[in-house]
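**Q** Pasting a structure below so you can have a look.
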Amino acid sequence: MSEASDQLYNFALLDEDAKREIRRKLLKAVALPGHLVPFASRDLPIARGWGTGGLQITLSIITPDDTLKVIDQGDDESVNAVNLRRLINRTTGVATTTDTTAATIIQTRHRIPEEPLRADQILVLQVPMADPLRWVEPNLERATIMHSEADYGKMWVYMYESVVRAGDLRIASQYPVIVNRRYLMDTTPIPRWDVPKLHMADTLYLFGAGREKRIYAVPPYTVVEPLQFEDYPFRTEYRPGQRCARCGAEHTFLTEHFVSDSNGGRWETTCSDAAYCAKRVAQMEATA
Amino acid sequence: MNGDWILRVEQLSKHFGPTCPDCRRLTGPDTGRSQCPRCGTVWACVEANLQLNAGEVLGIVGESGSGKSTLLQMIYLALRPDSGHIWYRDNGGPPRDLTTLDRYEARLFRNTKLGIVYQRPELGLNMRFSVGGNVAEKLLLAEWRHFGRIRARTAELMVKTELPPERIDDEPPTFSGGMLQRVQIAKALASRPSLLLLDEITSGLDVSVQARVLDLLRRIQWEDRITMLLVSHDLGVVRQLARRTIVMKNGHIVEAGLTDQILEDPQHPYTQLLVSSAL
Chain A
2 MSEASDQLYN
12 FALLDEDAKR
22 EIRRKLLKAV
32 ALPGHLVPFA
42 SRDLPIARGW
52 GTGGLQITLS
62 IITPDDTLKV
72 IDQGDDESVN
82 AVNLRRLINR
92 TTGVATTTDT
102 TAATIIQTRH
112 RIPEEPLRAD
122 QILVLQVPMA
132 DPLRWVEPNL
142 ERATIMHSEA
152 DYGKMWVYMY
162 ESVVRAGDLR
172 IASQYPVIVN
182 RRYLMDTTPI
192 PRWDVPKLHM
202 ADTLYLFGAG
212 REKRIYAVPP
222 YTVVEPLQFE
232 DYPFRTEYRP
242 GQRCARCGAE
252 HTFLTEHFVS
262 DSNGGRWETT
272 CSDAAYCAKR
282 VAQMEATA
Chain B
15 MNGDWILRVE
25 QLSKHFGPTC
35 PDCRRLTGPD
45 TGRSQCPRCG
55 TVWACVEANL
65 QLNAGEVLGI
75 VGESGSGKST
85 LLQMIYLALR
95 PDSGHIWYRD
105 NGGPPRDLTT
115 LDRYEARLFR
125 NTKLGIVYQR
135 PELGLNMRFS
145 VGGNVAEKLL
155 LAEWRHFGRI
165 RARTAELMVK
175 TELPPERIDD
185 EPPTFSGGML
195 QRVQIAKALA
205 SRPSLLLLDE
215 ITSGLDVSVQ
225 ARVLDLLRRI
235 QWEDRITMLL
245 VSHDLGVVRQ
255 LARRTIVMKN
265 GHIVEAGLTD
275 QILEDPQHPY
285 TQLLVSSAL
């Protein structure tokens, strides 16, 4: 930690009582996988809805020896990721990286990195809407009772209606899952592509919703099952023949963007995980 | 009380309020009050006893505020009684006291063994889901996970309850009041419950629609031999469906017997008043 930051801030910005409270809530969340644990979400120098939940978790668990990676929609260089990384770096002095394999803590919004995560890594997800029952039950008190009784009939009807209206389970993100065969959980706006990565993972996943003041977790080696019908199974967005225009990967989640050129422009698909794509390109260039 | 009973209620009571030493003396059918004038406690249901035999329809009649819906809600396990027991027996098996179930067990029991139809469709149906989705909810709660089979069973139930199956994906607000009651009946029957609870199901419907709903229930009862508990303030409705009837006033059961007997030869002054005002 630099001398300047040491004088201006407590390590990791938050006061120690706040961090202790969040760590206690994290322990509870790990003990009850998928269960929404309320916590006293603090005010931060960024607006609610910009990753304050994930940020508070990161600030509570980070140590001077950690190496941090922050991504937003798979990209290390988006405005939100850069700002959060800078804030954490300035108040902790920890090393930062864009390489998934080098990081010990990865804070993310909307994506889980493509490279497999290890047991010594922690993934912190920023959550905009913590409770999946919000889609079917706007009353929070009733939704809490529904969770306590594992009363998820309405959520299943929501899935049923999805098939009726769209002809398939067309839930693009925030796909509902049952964790540890008990709690219904929101997977945050990660694409369906990333949902299987939560199942029996080596890594600890921590979820923070700052605006909604909720923390939840998926500990390593936990059963995470997406809601699906026998005749309409859960499917990821994978399309046979899909390919990244930059690195040629056929096994990654791709995003589509418009590229301008002298012929008026064209649509191009590239890896959503920008660091992984750049790493593959660098490897290809090194071997060429 | 014996025989092939499915449900037995013993000394079931429910009150709302703090209670005081004079409560019980100052309330009840003799005083004409359910609410204690001293402490304001409402004695909604006091030491109710009843037995429901397999395949029979039992009517509960009484004026508004007599405690019939409270009794029904306790049997539906939506309201926890203050004292008493609700014994349930499946196909002559060992009796279970439903008042000892925790919330999770009570929900499971409710979803598999009980069906309910409310007076107001918005209490029993989710107006944002399609009619098919509403009926399917019961099947999904009973762990049905094959979409095709759920659709087939839902369409079958719609035909059974005289609803056009081609409207399976329409939303409830596009249906008439009588149709919505039939949707509720279809939903209640979806998991093949042992006991169907009917709470003022024809109130608010015009006479011809009322008759159609009652005909439907009579047919279902005849075909499936389903046990029903019918709550109504309308003696005409009870007469058409129930073989036995109990009369409630100010939270107490004041008379019980065969429906014809009660209507032809009422013993309690309140029942006499009820019958004479209905004729």
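Residue numbers (my numbering), protein chains in the order written: chain A, 2 to 289; chain B, 15 to 293. By construction, the Cβ of each residue, glycine as well, lies at the ideal position given by its N, Cα and C atoms.
Would you verify that the beta carbon of Y118/B is, or is not, closer than 8 angstroms to some beta carbon of chain A?
**A** Output row for Y118/B: interface = yes.
**Q** DSSP has G42/B in a bridge; who is on the other side?
**A** According to DSSP, which records beta bridges pairwise, G42/B is partnered with R47/B.
**Q** Grouping DSSP H, G and I as helix and E and B as strand, with all else coil, what is L212/B?
**A** Here L212/B sits in strand by DSSP.
**Q** What do you get for W57/B, buried or exposed, if any count of 16 or more other CB atoms within 10 angstroms of its CB means buried?
**A** Answer is buried; the Cβ neighbour count reaches 16.
**Q** Report back the beta-carbon spacing between L86/B and F123/B to the nearest angstrom; my notes put them in contact at under 8 angstroms.
**A** Actually they are not in contact, since the Cβ atoms of L86/B and F123/B sit about 15 angstroms apart, beyond 8 angstroms.
**Q** Just to confirm my understanding: we take C50/B, look at its own chain, exclude 5 residues before and 5 after, and list those with CB closer than 6 angstroms. What are they?
**A** For C50/B, where only same-chain residues beyond five positions count, the Cβ hits under 6 angstroms are C37, L40 and T41.
**Q** From what residue to what residue does the alpha helix (DSSP H) around W28/B run?
**A** The identity of residue 28/B in the sequence shown is Lys, whereas the question assumes Trp. K28/B -> not in any alpha helix (DSSP H); beta strand (DSSP E) instead, spanning W19 to F30.
**Q** Please classify C167/A as buried or exposed, where buried requires at least 16 neighbouring CB atoms within 10 angstroms.
**A** Residue 167/A is actually Ala in this sequence, not Cys. Answer is exposed; the Cβ neighbour count stays below 16.
**Q** Under 7 angstroms Cβ-Cβ, which residues of chain B neighbour A151/A?
**A** By Cβ distance, chain B contributes Y118.
**Q** Anything in chain B within Cβ reach of Y184/A, meaning under 7 angstroms, just list it in chain order.
**A** Within chain B, no residue comes near Y184/A; the closest Cβ sits about 13 angstroms away, beyond 7 angstroms.
**Q** CB Q195/B to CB I182/B, shorter than 8 angstroms?
**A** No, Cβ-Cβ distance for Q195/B and I182/B is not below 8 angstroms.
**Q** If the cut-off is 7 angstroms on Cβ atoms, which residues from the region 161-176 of chain A count as contacting chain B, listed in chain order?
**A** Of all residues in the region 161-176 of chain A, Y161, E162, V164 and V165 have a Cβ within less than 7 angstroms of some Cβ in chain B.
**Q** Is there at least one Cβ from chain B nearer than 8 angstroms to D132/A's Cβ?
**A** So no, D132/A is outside the interface.
**Q** When you compare each of D274/B, S217/B, G265/B and L66/B to G191/B by their alpha carbons, which one comes out closest?
**A** Checked all of D274/B, S217/B, G265/B and L66/B; the closest Cα to G191/B is S217/B.
**Q** What does L230/B reach in chain A if we use C-beta pairs closer than 7 angstroms?
**A** Within chain A, no residue comes near L230/B; the closest Cβ sits about 24 angstroms away, beyond 7 angstroms.
**Q** Mark A283/A as exposed unless 16 or more other C-beta atoms lie within 10 angstroms of its C-beta, in which case mark it buried.
**A** Its Cβ having fewer than 16 others within 10 Å, A283/A is exposed.
**Q** Taking CB distances under 8 angstroms as the criterion, tell me whether F230/A reaches chain B.
**A** Yes, because at least one Cβ of chain B sits closer than 8 angstroms to the Cβ of F230/A.
**Q** Under 8 angstroms, Cβ to Cβ, is there at least one residue of chain B near G35/A?
**A** It does not: the Cβ of G35/A has no partner Cβ on chain B nearer than 8 angstroms.
**Q** Since V158/A meets chain B, which of its residues come closer than 8 angstroms, beta carbon to beta carbon?
**A** Within chain B, the residues near V158/A are N140, F143, G147, N148, A150, E151 and L154.
**Q** By the three-class DSSP mapping on this structure, what secondary structure does A92/B have?
**A** Here A92/B sits in coil by DSSP.
**Q** Short of 7 angstroms in beta carbon distance, which residues of its chain neighbour D96/B, apart from the five on each side in sequence? Order them along the chain.
**A** Hits under 7 angstroms: S27, K28 and H29.
**Q** Assuming contact is defined by CB atoms lying nearer than 8 angstroms, are T1/A and T288/A in contact in what I supplied?
**A** As displayed, chain A neither begins before 2 nor continues past 289, which places residue 1/A out of reach and without an answer.
**Q** Are the region 125-135 of chain A and the region 197-213 of chain A in contact at 8 angstroms, needing three or more beta carbon pairs?
**A** A contact exists between the region 125-135 of chain A and the region 197-213 of chain A.
**Q** Can you tell me which of the three DSSP states E278/B falls into?
**A** E278/B falls in the helix class under three-state DSSP.
**Q** So within the region 211-254 of chain A, which uninterrupted beta strand (DSSP E) runs reach at least 3 residues, ignoring any that extend past its ends?
**A** Segments of the beta strand (DSSP E) lying fully in the region 211-254 of chain A: 215-219 and 225-227.
**Q** Under 8 angstroms, do D203/A and R91/A count as touching if we go by C-beta distance?
**A** No; because the gap between Cβ atoms is not below 8 angstroms, this pair is not in contact.
**Q** Let me see if you follow: with CB-CB separation under 8 angstroms, is H29/B close to chain A or not?
**A** No, because no Cβ of chain A sits closer than 8 angstroms to the Cβ of H29/B.
**Q** Using a 10 Å radius around the Cβ and a threshold of 16 neighbouring Cβ atoms, would you call N140/A buried or exposed?
**A** N140/A should be labelled exposed.
**Q** Quick one: give me the first and last residue of the alpha helix (DSSP H) that W158/B is part of.
**A** No alpha helix (DSSP H) holds W158/B; DSSP gives it neither H nor E.
**Q** Would you say T168/B and A150/B are within 8 angstroms of each other, going by their C-beta atoms?
**A** In contact: T168/B and A150/B (Cβ atoms closer than 8 angstroms).
**Q** Does the CB of G75/A have a neighbour CB from chain B at under 8 angstroms?
**A** No, no contact with chain B.
**Q** Start and end of the alpha helix (DSSP H) containing K26/A?
**A** Note, K26/A: alpha helix (DSSP H), E17 to A32.
**Q** According to DSSP, is G250/B helix, strand or coil?
**A** The answer is helix: DSSP assigns G250/B an H, G or I state.
**Q** Return helix, strand or coil for A58/B, following the three-state DSSP convention.
**A** The answer is strand: DSSP assigns A58/B an E or B state.
**Q** Thinking T223/A and V180/A are a contact (beta carbons under 8 angstroms), I'd like their distance in whole angstroms, please.
**A** The pair is a contact, with the Cβ atoms about 6 angstroms apart (cut-off 8 angstroms).
**Q** Is there contact between the region 239-251 of chain A and the region 79-97 of chain A, where contact requires at least three CB pairs shorter than 8 angstroms?
**A** No contact exists between the region 239-251 of chain A and the region 79-97 of chain A.
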